[in-house]
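Chemist:
There are 2 protein chains.
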Amino acid sequence: MDIKQEPRAVHMLSYGEMPDEAWRRLIDAGNDRAHPMRLMSVATVDDRGHPDSRLLVLRGASRDLGCLWFHTDRRSGKIAQLHRCDRLCAVAYDPESQVQLRLTGSASVHADDQLADRHWQQAALATRYLYRTSLSPGQPLPVPDPRSGAVASDDSTTDGRENFAVIEVRLDDIEWHQLSGRDQRRARLRAASGWSPTPLAP
Amino acid sequence: MDIKQEPRAVHMLSYGEMPDEAWRRLIDAGNDRAHPMRLMSVATVDDRGHPDSRLLVLRGASRDLGCLWFHTDRRSGKIAQLHRCDRLCAVAYDPESQVQLRLTGSASVHADDQLADRHWQQAALATRYLYRTSLSPGQPLPVPDPRSGAVASDDSTTDGRENFAVIEVRLDDIEWHQLSGRDQRRARLRAASGWSPTPLAP
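For the record, the sequence lines run as chains A and B. Per this note's numbering, residue 254 is the first one in the first sequence, and the count goes up by one each step. Per this note's numbering, residue 254 is the first one in the second sequence, and the count goes up by one each step.
(1) Tell me whether B/Asp-366 is buried or exposed, calling it buried when 16 or more other Cβ atoms sit within 10 Å of its Cβ.
(2) Any beta carbon of chain A sitting closer than 9 Å to that of B/Ala-444?
(3) If you run the structure through DSSP and keep just helix, strand and coil, what is B/Glu-421?
(4) What span of residues does the beta strand (DSSP E) with A/Met-293 cover, start to end?
(5) Can you tell me where the beta strand (DSSP E) holding B/His-372 begins and where it ends?
(6) Mapping DSSP to helix, strand and coil, what is A/Trp-276?
(7) Please list, in chain order, the chain B residues whose beta carbon lies closer than 7 Å to that of A/Thr-451.
(8) So with CB distances below 8 Å, who are the chain A contacts of B/Ala-296?
(9) Could you compute how far the alpha carbon of B/His-324 sits from the alpha carbon of B/Arg-381?
(10) So, does the CB of A/Leu-540 fall closer than 9 Å to a CB anywhere in chain B?
(11) For B/Arg-340, which three-state DSSP category applies?
(12) By Cβ distance, which residues of its chain are closer than 7 Å to B/Leu-292, with the 5 residues on each side in sequence left out?
(13) Given a cut-off of 9 Å, decide if B/Leu-442 and B/Ser-433 are closer than it, judged by their beta-carbon atoms.
(14) For B/Ser-294, count neighbouring Cβ atoms within 10 angstroms of its own Cβ and tell me buried if that reaches 16, exposed if not.
(15) Tell me, to the nearest whole angstrom, how far the beta carbon of A/Val-263 is from that of A/Ser-350; I am working on the premise that it is less than 8 Å.
(16) Please list, in chain order, the chain A residues whose beta carbon lies closer than 9 Å to that of B/Cys-338.
(17) Is it the case that the Cβ atoms of B/Met-265 and B/Asp-436 are separated by a distance below 9 Å?
(18) Can you have a look at B/Leu-378 and say buried or exposed, based on whether 16 or more other CB atoms are within 10 angstroms of its CB?
(19) Please compile the residues from chain A whose C-beta is within a distance smaller than 9 Å of the C-beta of B/Ser-361.
(20) To which residues of the same chain is A/Arg-246 closer than 7 Å at the C-beta, ignoring the five residues directly before and after it?
(21) Which class does A/Gly-447 belong to by DSSP, given the choice of helix, strand or coil?
(22) Got a sec, what are the start and stop residues for the beta strand (DSSP E) A/Ala-379 sits in?
(23) Identify whether B/Ala-316 lies in helix, strand or coil by the three-state DSSP scheme.
(24) Taking Cβ-Cβ distances shorter than 9 Å, what residues in chain A pair up with B/Tyr-484?
(25) Check for me: the beta strand (DSSP E) holding A/Ala-364 runs from which residue to which?
(26) Looking at the structure shown, is A/Asp-285 part of a helix, part of a strand, or coil, going by DSSP?
(27) Identify whether A/Leu-335 lies in helix, strand or coil by the three-state DSSP scheme.
(28) Which residues does DSSP list as the beta-bridge partners of A/Ser-306?
(29) Are B/Asn-284 and B/Gly-302 close, meaning C-beta to C-beta below 9 Å?
(30) Residues of chain B with CB under 7 Å from A/Ser-389, in chain order?
(31) According to DSSP, simplified to helix, strand and coil, what is A/Leu-388?
(32) In angstroms, rounded to a whole number, what distance separates the CA positions of A/Asp-299 and A/Lys-331?
(33) Give the residues of chain A in contact with B/Asp-386, contact being defined as C-beta atoms less than 9 Å apart.
(34) If the cut is a Cβ gap below 9 Å, which residues of chain A does B/Arg-414 touch?
(35) Please state whether DSSP places B/Glu-270 in a helix, a strand or coil.
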């Protein structure tokens, strides 16, 4: 992942530091809208068994529960995909420390329960607005206008709550991969072993 | 994808501009090591039918061929995955213009042919170095040392060429998704229709 023009020397974390540092990054990213790991690519499998992926905003993380949370529209394709195959692989990257996290786990969808209510209450008004559209995300627009501005239609009879869902991911596995110039360090942290690191060849 | 503290107004591209702009970004990202879309998450499906994903550096793109190229170690897990299921979904994001591209297609692996030779010749020496390790990427390290620095072992009998492979992706589909404050614009560009955009609900 040589994205930088010049190899940079960054502080290379030891294996022993990885569990705390991985969870610190995830928890910070869930709380801080400017955190580099807040926007993750989240891969699922579609109904043909093919990979699908998109960016999602991390809405929270808990080391105690071993969980991550994302918000989405319950009419979106990824919800249907997760109902068929609950496996998920998220990737986050911090360009400053050159740390990549690969996060693997099983997802459960919460739409009509207290967990979803709690997340809806905490969601910013600007975010809730996104759920008011009467069109399902990804659906072809009925009357496309190549020059018009807004495309989201607004259904004023609803506040959007009925379209809102929370994806809860129970992590099995965190893969830590850090680069610094020619040096690399990679390890697998498993929930089943209390997130203790197994060093891997980079 | 409300990653920014404050909603920003960015120039919102029209549907008609999307094909040229999508390909311009991909070609630039393949050439420019500092381009925000150079580092992509690339999702595949593993042998259990579960999603897997990791960051890869885009090494080139051609609109004429409808192709993207990535480099990897041919001993890596993703190569085995692509031999079983050649489908792939890559995600790139430009935070400046708030454009997300979702790129879907079929991959072919090139290791011992002229295409691989050509990419190897063009690869920087610092990149070639990564293929000299005698350990397969992702393999558990034989004698982990929690305090040591380098973990990659160096096999001086080889220049790494025999571990090098090129992943060529023939794209079926580019999904363009741009955000600007509350405004969003999303469309699907299909290779089969000359990349002409189908507007989608965001």
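Virtual Cβ for every residue (Gly too), placed ideally from N, Cα, C.
Modeler: Quick look at the numbers:
(1) exposed
(2) For B/Ala-444, the answer is no, since every Cβ of chain A falls outside 9 Å of its Cβ.
(3) In this structure, DSSP gives B/Glu-421 an extended state, which the three-state scheme calls strand.
(4) 292-298 is the extent of the beta strand (DSSP E) around A/Met-293.
(5) It is not in any beta strand (DSSP E) - B/His-372 instead sits in the alpha helix (DSSP H) that spans 367-375.
(6) helix
(7) Going along chain B in sequence order, the residues near A/Thr-451 (Cβ under 7 Å) are Pro-393.
(8) In chain order: Ser-294, Ala-296, Pro-304, Asp-305, Ser-306 and Cys-342.
(9) 10 Å
(10) No answer is possible for residue 540 of chain A: the residues shown for chain A start at 254 and end at 455.
(11) strand
(12) Leu-308 and Val-310
(13) no
(14) buried
(15) 6 Å
(16) Gly-302, His-303 and Pro-304
(17) yes
(18) exposed
(19) Per Cβ cutoff of 9 Å: no residues; B/Ser-361 is ~16 Å from chain A at best.
(20) Residue coverage of chain A in this structure runs from 254 to 455, which leaves residue 246 of chain A outside it and unanswerable.
(21) coil
(22) Following the DSSP letters along the chain, one finds A/Ala-379 in no beta strand (DSSP E) but inside the alpha helix (DSSP H) bounded by residues 378-381.
(23) Reading off the sequence, residue 316 of chain B comes out as Arg, not Ala. When secondary structure is reduced to three states using DSSP, B/Arg-316 falls in the coil class, being assigned neither helix nor strand.
(24) Here chain B covers residues 254 to 455 and nothing more, so residue 484 of chain B does not appear.
(25) Unbroken run through A/Ala-364: none, as it is neither H nor E.
(26) coil
(27) Of the three classes helix, strand and coil, the one that applies to A/Leu-335 here is helix, per DSSP.
(28) A/Ala-296
(29) no
(30) Ala-454
(31) In this structure, A/Leu-388 counts as coil in the three-state DSSP scheme.
(32) Taking the straight line from one Cα to the other gives about 8 Å.
(33) Position check: residue 386 of chain B holds Thr in this sequence, whereas Asp was assumed. The answer, in chain order, is Ala-454 and Pro-455.
(34) In chain order: nothing, as chain A lies at least about 18 Å away.
(35) Note: B/Glu-270 maps to helix in three-state DSSP.
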